[in-house]
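Have a look at the structure below before the remarks.
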Amino acid sequence: EPEVTQTPSHQVTQMGQEVILRCVPISNHLYFYWYRQILGQKVEFLVSFYNNEISEKSEIFDDQFSVERPDGSNFTLKIRSTKLEDSAMYFCASSADRARYGYTFGSGTRLTVV
Amino acid sequence: LAKTTQPISMDSYEGQEVNITCSHNNIATNDYITWYQQFPSQGPRFIIQGYKTKVTNEVASLFIPADRKSSTLSLPRVSLSDTAVYYCLLAYGGATNKLIFGTGTLLAVQP
Chain A
2 EPEVTQTPSH QVTQMGQEVI LRCVPISNHL YFYWYRQILG QKVEFLVSFY
52 NNEISEKSEI FDDQFSVERP DGSNFTLKIR STKLEDSAMY FCASSADRAR
102 YGYTFGSGTR LTVV
Chain B
21 LAKTTQPISM DSYEGQEVNI TCSHNNIATN DYITWYQQFP SQGPRFIIQG
71 YKTKVTNEVA SLFIPADRKS STLSLPRVSL SDTAVYYCLL AYGGATNKLI
121 FGTGTLLAVQ P
């Protein structure tokens, strides 16, 4: 079964540092997403990406966040200056079509900001 | 996006059938009903989706009445490994492609 691959699985960073979370979506998928889940809380939508541009973003996705698809396979989330409250599991997902056909999520990157 | 309501938790025993009901009174015409499963420290996993009537796949069945104001996820013969959080979501069939997760139902399967 095709998988969405995320690296690293766990990253510890100091407050104020930049981090880049990496994802390899399923190869024939067209829609890409980032979600996050703070420990013990709901899964929250951050951003969706289609046709090489952001199609939708949440209030959480402020100027310190950016996404990029630098080549035909990778999809990255950059946090420019991390804060303690950015500590969470970050999930990448991809879908072949609209959300009603189902996403495939990756296993996540646990980001710890100290 | 319309909101969904589901029980916070459910208990079951191995081998039993589990039915998790979700209310979505304000479901829109373009909304599809979709269910995800999440294990601790893992990403959600798509289980099943439907628009109306009954849908069945290799892991679950989804029952949707004619008014579509509720839906029931049915898991046949659960095992310990089915212990997880189950989310009922409405996936809009239109322009927005995001999913709004609630708190889900924590299903605890005991031996």
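In the order they appear, the protein sequences are chains A and B. Basically the working numbering = 1-based index in the first sequence + 1. Basically the working numbering = 1-based index in the second sequence + 20. Each residue gets a CB set at the ideal place from its N, CA and C atoms; glycine is no exception. Owing to the predicted nature of the structure, the values given are computational and were not obtained by experimental measurement.
Name the DSSP beta bridge partners of A/S49, please? Looking up residue 49 of chain A in the first sequence gives position 48. A/S49 pairs with A/Y34 and A/E57.
In the structure shown, what three-state DSSP assignment does B/Q101 receive? For the purposes of this step, residue 101 of chain B is taken as the residue at position 81 of the second sequence. The question names Gln, but residue 101 of chain B is Ser in the sequence shown. Reduced to three states, the DSSP call for B/S101 is helix.
When A/Q18, A/G17 and A/H30 are compared against A/D98, the one with the closest alpha-carbon: Within the first sequence, numbered from 1, the residue matching residue 98 of chain A stands at position 97. When each option's Cα is compared against that of A/D98, the closest is A/H30.
How many Å lie between A/L47 and B/S99 at the Cα? Residue mapping note: residue 47 of chain A aligns to position 46 of the first sequence, counting from 1. Residue mapping note: residue 99 of chain B aligns to position 79 of the second sequence, counting from 1. Separation of A/L47 and B/S99 (C-alpha to C-alpha, rounded to the nearest whole angstrom) is 33 Å.
Does any C-beta atom of chain B lie closer than 8 Å to the C-beta of A/E54? Numbered from 1 along the first sequence, position 53 holds the residue referred to as residue 54 of chain A. It does not; no Cβ of chain B falls within 8 Å.
In angstroms with no decimal places, state the Cα-to-Cα distance between B/D102 and A/F62. Start at 1 with the first residue of the second sequence, and residue 102 of chain B comes out as number 82. Start at 1 with the first residue of the first sequence, and residue 62 of chain A comes out as number 61. So the two alpha carbons sit approximately 33 Å from each other.
Tell me whether the region 111-128 of chain B and the region 52-60 of chain A touch, counting them as touching only if at least three CB pairs, one residue from each stretch, are closer than 8 Å. yes
For B/F83 and A/Y104, believed in contact at Cβ under 8 Å, the rounded distance: Sequence index remark: in the first sequence, residue 104 of chain A carries index 103 (1-based). Sequence index remark: in the second sequence, residue 83 of chain B carries index 63 (1-based). Wrong, their Cβ atoms sit about 23 Å apart, outside the cutoff.
Min CB distance A/G17 to chain B below 8 Å: Locating residue 17 of chain A in the first sequence gives position 16, where the first residue counts as 1. Taking Cβ atoms only, chain B never reaches closer than 8 Å to A/G17, which makes this a no.
Please report the Cβ distance between A/S108 and A/S10, rounded to the nearest whole angstrom; I am assuming they are in contact, meaning their Cβ atoms lie under 8 Å. Taking the first sequence and counting its residues from 1, one reaches residue 108 of chain A at position 107. Taking the first sequence and counting its residues from 1, one reaches residue 10 of chain A at position 9. Contact holds; Cβ gap of about 7 Å.
Does A/K43 come within less than 8 Å of chain B when only Cβ atoms are used? Counted from its first residue, the first sequence places residue 43 of chain A at position 42. Closer than 8 Å to some Cβ of chain B, the Cβ of A/K43 qualifies, so yes.
In the structure shown, what three-state DSSP assignment does B/Y33 receive? The residue given as residue 33 of chain B occupies position 13 in the second sequence. B/Y33 falls in the strand class under three-state DSSP.
Cβ closer than 9 Å: which chain B residues qualify as neighbours of A/F46? By one-based count along the first sequence, residue 46 of chain A stands at place 45. Simply K118, L119, I120 and F121.
Check this for me: beta carbons of B/Y112 and B/I40, under 8 Å apart or not? Along the second sequence, read from residue 1 onward, the residue named residue 112 of chain B stands at position 92. Along the second sequence, read from residue 1 onward, the residue named residue 40 of chain B stands at position 20. Cβ distance not < 8 Å, so B/Y112 and B/I40 don't count as in contact.
Might you give, ordered along the chain, the residues of its own chain that have their beta carbon closer than 6 Å to the beta carbon of A/S74, omitting 5 neighbours on each side? To locate residue 74 of chain A, count along the first sequence from 1; it is residue 73. Cβ within range, chain order: V25.
Helix, strand or coil for A/E69 per DSSP? For the purposes of this step, residue 69 of chain A is identified with residue 68 of the first sequence, where counting begins at 1. A/E69: strand per DSSP, three-state reduction.
Could one say the Cβ of A/E57 lies closer than 8 Å to chain B's Cβ atoms, at least one of them? Start at 1 with the first residue of the first sequence, and residue 57 of chain A comes out as number 56. Chain B contact via Cβ: present.
Can you check which of these residues, B/L110, B/Q130 and B/L127, is closest to B/F121 by C-alpha distance? Looking up residue 121 of chain B in the second sequence gives position 101. Minimum Cα distance to B/F121 is reached at B/L110.
Neighbouring residues, chain B, relative to A/F33 (Cβ below 7 Å): Residue 33 of chain A sits at position 32 when you count from the first residue of the first sequence. Under the 7 Å cutoff, chain B gives no residues; its nearest Cβ is about 10 Å from A/F33.
Short of 8 Å in beta carbon distance, which residues of its chain neighbour B/P131, apart from the five on each side in sequence? Order them along the chain. Position 111 of the second sequence, counting from 1, holds the residue named residue 131 of chain B. So the qualifying residues of the chain are Y33, E34 and L100.
Once you ignore the five residues that flank A/Y36 on each side, which residues in its own chain have a CB closer than 7 Å to its CB? Stepping through the first sequence from its first residue, residue 36 of chain A is reached at position 35. Here the set comprises V44, E45, F46, L47, F92 and A94.
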